[in-house]
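Notes follow the structure.
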Amino acid sequence: METKNILIPKVGCMATEVGKIVANKCLDRNISLNTLKLEKLLILMQVEYIRKTEKAFFQENIIVSNQHNTRIKEVEEDFLPYAVGMDMISSDTRFCEYINLLMKQEEVVESIINKYGNLDAFDLEKTPDK
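If you use the numbering used here, the sequence shown corresponds to residues 1 to 130, in order.
Have a look at this one:
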């Protein structure tokens, strides 16, 4: 099985920092979340942000090993201790946020959470927006 990296122009945001913001927003809204779902939401946000601005939202590569397996290595590594495997991140967990999003970034985050937040990771993998 061949793994491909999607090259994205380098920007200042780190996916794990954006992930903390997204995780907090989901958990504040009682949206269930695990590491896999967080990665899928971040990938959708990256795609949408590139569509709107022609710039990358975050700097990490999205790894595509096959049609149904896309991931962000750094997010997987940083959030795994909070949700092993398919376990959900505890609803009382909150992450320290070290960055502020730009208005356009915030709009994309809200839009993706509102549109896809209630789907599980497997349904997110099937979304046509990717």
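Even glycine gets a Cβ: it sits at the ideal position worked out from N, Cα and C.
Taking just the CA atoms, how far does K126 sit from E17?
25 Å
Look at the alpha carbon of D123 and the alpha carbon of L41, and state the distance between them as a whole number of angstroms.
11 Å
So the beta strand (DSSP E) T35 belongs to, where does it begin and stop?
Note, T35: premise wrong, no beta strand (DSSP E); alpha helix (DSSP H) at T35 to T53.
By Cβ distance, which residues of its chain are closer than 7 Å to Y116, with the 5 residues on each side in sequence left out?
L41, L44, L124 and T127
By DSSP, does S65 sit in helix, in strand, or in coil?
strand
Can you list, in chain order, the residues of its chain whose CB lies under 8 Å from that of D78, leaving out five sequence neighbours each side?
T16 and G19
Within the same chain, show all residues whose beta-carbon is closer than 8 Å to that of L96, passing over the 5 residues directly before and after it, in chain order.
With the sequence shown as reference, residue 96 is identified as Cys, and Leu is not the correct amino acid for it. So the qualifying residues of the chain are K20.
May I have the straight-line CA-CA distance separating D28 from D92, to the nearest angstrom?
9 Å
Could you give the C-beta distance for E54 and E74, rounded to a whole number, given that I count them as a contact under 8 Å?
That pair is no contact at about 23 Å.
DSSP beta-bridge partners for T70?
V64
Just how far apart, CA to CA, sit V108 and I50?
10 Å
Chain-order list of residues whose beta-carbon lies under 6 Å from that of P81 (same chain, five-residue window excluded)
none
With DSSP run on the structure shown, which of helix, strand or coil describes C13?
coil
Note down, in chain order, each residue of its chain lying with its Cβ closer than 8 Å to the Cβ of K130, except the 5 sequence neighbours on either side.
Below a pLDDT of 50, predicted positions are generally treated as unreliable, and K130, at 48, falls in that range; the measurement from the model is reported next regardless. Cβ within range, chain order: I43, L44, V47 and T70.
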